[in-house]
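Protein chains in written order, with my numbering: chain A, 59 to 295; chain B, 72 to 260.
1. Using the Cα positions of residue 155(B) and residue 252(A), report the straight-line distance between them to the nearest angstrom.
2. Just to make sure I have the definition right: I need the residues of chain B whose C-beta is within less than 7 Å of the C-beta of residue 194(A). Which are they?
3. Which value, in whole angstroms, describes the spacing of the CA atoms of residue 145(B) and residue 178(B)?
4. Might you give, ordered along the chain, the residues of its own chain that have their beta carbon closer than 6 Å to the beta carbon of residue 250(A), omitting 5 neighbours on each side?
5. With 16 as the cutoff for other CB atoms within 10 Å, does residue 86(B) come out buried or exposed?
6. Hey, how far is the Cα of residue 107(B) from the Cα of residue 145(A)?
7. Less than 8 Å between the CB atoms is what I'm expecting for residue 80(A) and residue 178(A), so what's the real figure, rounded?
8. Please return the same chain residues whose Cβ sits closer than 6 Å to the Cβ of residue 198(B), not counting the five positions on each side in sequence.
9. Report the three-state DSSP secondary structure of residue 158(B) (helix, strand or coil).
10. Which bits of chain B does residue 186(A) rub up against, with CB to CB less than 7 Å?
11. So, at 8 Å on beta carbons, what are the nonlocal neighbours of residue 110(A) in its own chain, with the 5 sequence-adjacent residues on each side left out?
12. Check this for me: beta carbons of residue 168(B) and residue 233(B), under 8 Å apart or not?
13. For residue 193(A), I'd like the list of residues in its chain whose CB is within less than 8 Å of its CB, leaving aside the five on either flank, ordered along the chain.
14. Residue 74(B) CB to nearest chain A CB: under 8 Å?
15. Can you check whether the C-beta of residue 109(A) is within less than 8 Å of a C-beta belonging to chain B?
16. Contact criterion: CB-CB distance below 8 Å. Does residue 202(B) meet it with respect to chain A?
17. Could you compute how far the alpha carbon of residue 210(B) sits from the alpha carbon of residue 204(B)?
18. Would you identify the three-state DSSP class for residue 216(B), choosing helix, strand or coil?
19. Less than 8 Å between the beta carbons of residue 132(A) and residue 160(A), yes or no?
20. Residue 95(B) to residue 285(A), Cα distance in whole Å?
21. Residue 104(B): which of 244(B), 259(B), 227(B) sits nearest, CA to CA?
22. For residue 180(A), report the span of its alpha helix (DSSP H) as first-last.
23. Whole angstroms are fine: how far does the CA of residue 66(A) sit from the CA of residue 135(B)?
24. Would DSSP call residue 46(A) helix, strand or coil?
25. 8 Å is my cut-off, CB to CB: does residue 144(A) come that close to chain B?
26. Does the region 258-267 of chain A come close enough to the region 208-226 of chain A to have 3 or more Cβ pairs within less than 8 Å?
27. How should residue 243(B) be labelled, buried or exposed, when 16 other C-beta atoms within 10 angstroms of its C-beta is the threshold for buried?
28. Any idea if residue 243(A) is buried or exposed, counting beta-carbon neighbours within 10 angstroms, 16 or more meaning buried?
29. In three-state terms, what does DSSP make of residue 195(B)?
30. Taking Cβ-Cβ distances shorter than 7 Å, what residues in chain B pair up with residue 155(A)?
31. Which residue's Cα is closest to the Cα of residue 153(B): 171(B), 120(B), 140(B)?
32. Since residue 171(B) meets chain A, which of its residues come closer than 7 Å, beta carbon to beta carbon?
33. Can you tell me the Cα-Cα spacing of residue 93(B) and residue 80(B), whole angstroms?
34. Compute the Euclidean distance between the alpha carbons of residue 176(B) and residue 230(B), then round it to the nearest angstrom.
35. Just confirm the distance between the C-beta atoms of residue 93(A) and residue 153(A), as a whole number of angstroms; I'd bet it's less than 8 Å.
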């Protein structure tokens, strides 16, 4: 079964369990095993370039784009670790960080936010929680684009973002204030839109197309949790 | 929680993440990634502030997974901002900037163990380089890690508090009055 077809909670459980095991299991073998599993996951067919924003680049087969993102994200940590630590410590911490990075890059590529929202609603989570994640994800690119427009507009009016620290701080205020104030003025519009759509906190909604959650996957999630607890128990007791 | 406060949370979290575009434009060594958390707390109290901090960390984690362990720092920031708002410390720059410096110390103390134990002090290039500088100055590993976090957090939180103060004072009174804590935070109620 590929990552894209797994239940969203199973994807989250795998992405949470791998880094946990990387830190719990003895280094460097534990970290090497979990990093290998996480890197292999980035090659599974269900992991397609998603929120990572990597896209398809020349010279990389589409199936390797997620792996490349994971490797490129983890690489600077190895460099900084070598700068600060000896080789054994670098390997131990580097493998753990690589596990964490590869797991999350795989998760972001394999997890569809809409399926997660449906799964959360089906599991009885408040629709408000699902709204918070979905609304923030959609608001960030909008506000970033607005920030760039404000930067351009202020430059046209003669604002210079260069010079000494005091000049840059004044420029920062002139750029940030319109962005934040305009965003805050949207709150009432958003609240009205939510009320119109009946999103009242505490009310349980019916999911339109909840993702199937087979008993095997539910058992696998419990098994992952037990594996982490067992590893923790063996390591420290 | 009212619908207005629920709608404030994603807006505030998005502000934290979108301000990176402004920081890039002025090329200052700042993050401003707690602006939304502090602003939401000053406007609407600790529950909204903590929720904003957690959502900010969750969404930031999708961009860079190393952000998630620092969700604790966002919660501490929200609690500190609540105390500052209750004390009316956002009423002027003279009170807000020292409060921000205090938060810088607290944030560094909170983030240092996470950075040291989880990442070996390599969370960002800047922090790794300042940590290396601390080691070169003869500091022990944990001390060098704190030095790296302190250098990055100290000024950042002071600027963030000053920015939030500017926003709170620039808000029209009618808009500010719609949020339960806004007027008290600036000492107007």
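Backbone N, C-alpha and C fix where the C-beta goes; we use that ideal spot for every residue, glycine too.
Since the model is a prediction, treat every value here as computed from it, not as a measurement.
Answer, in terms of the structure:
1. 31 Å
2. Neighbourhood of residue 194(A) in chain B, by CB distance below 7 Å: 81, 84, 85, 126, 130, in chain order.
3. 9 Å
4. none
5. Its Cβ being crowded by 16 or more others within 10 Å, residue 86(B) is buried.
6. 39 Å
7. That belief does not hold up - the Cβ atoms of residue 80(A) and residue 178(A) are roughly 26 Å apart, past 8 Å.
8. Counting only Cβ-Cβ distances below 6 Å, and skipping sequence neighbours, we find 219, 223.
9. Residue 158(B): coil per DSSP, three-state reduction.
10. 77
11. Its pLDDT being 44, under 50, residue 110(A) is placed unreliably by the model, and the measurement read from it follows with that caveat. Here the set comprises 124, 127, 163, 166, 167.
12. yes
13. 248
14. Taking 8 Å as the CB threshold, residue 74(B) lines the interface with chain A.
15. Because residue 109(A) carries a pLDDT of 45, less than 50, the predicted location of this residue cannot be relied on, and no value is offered for it.
16. yes
17. 9 Å
18. helix
19. yes
20. 44 Å
21. 227(B)
22. 171-180
23. 20 Å
24. Outside the shown range of chain A, which is 59 to 295, sits residue 46(A), and nothing can be said about it.
25. no
26. no
27. exposed
28. exposed
29. When DSSP states are grouped into helix, strand and coil, residue 195(B) belongs to the coil group.
30. 190
31. 120(B)
32. Simply none; closest approach about 13 Å.
33. 21 Å
34. 14 Å
35. Contact flag correct, Cβ pair sits at about 5 Å.
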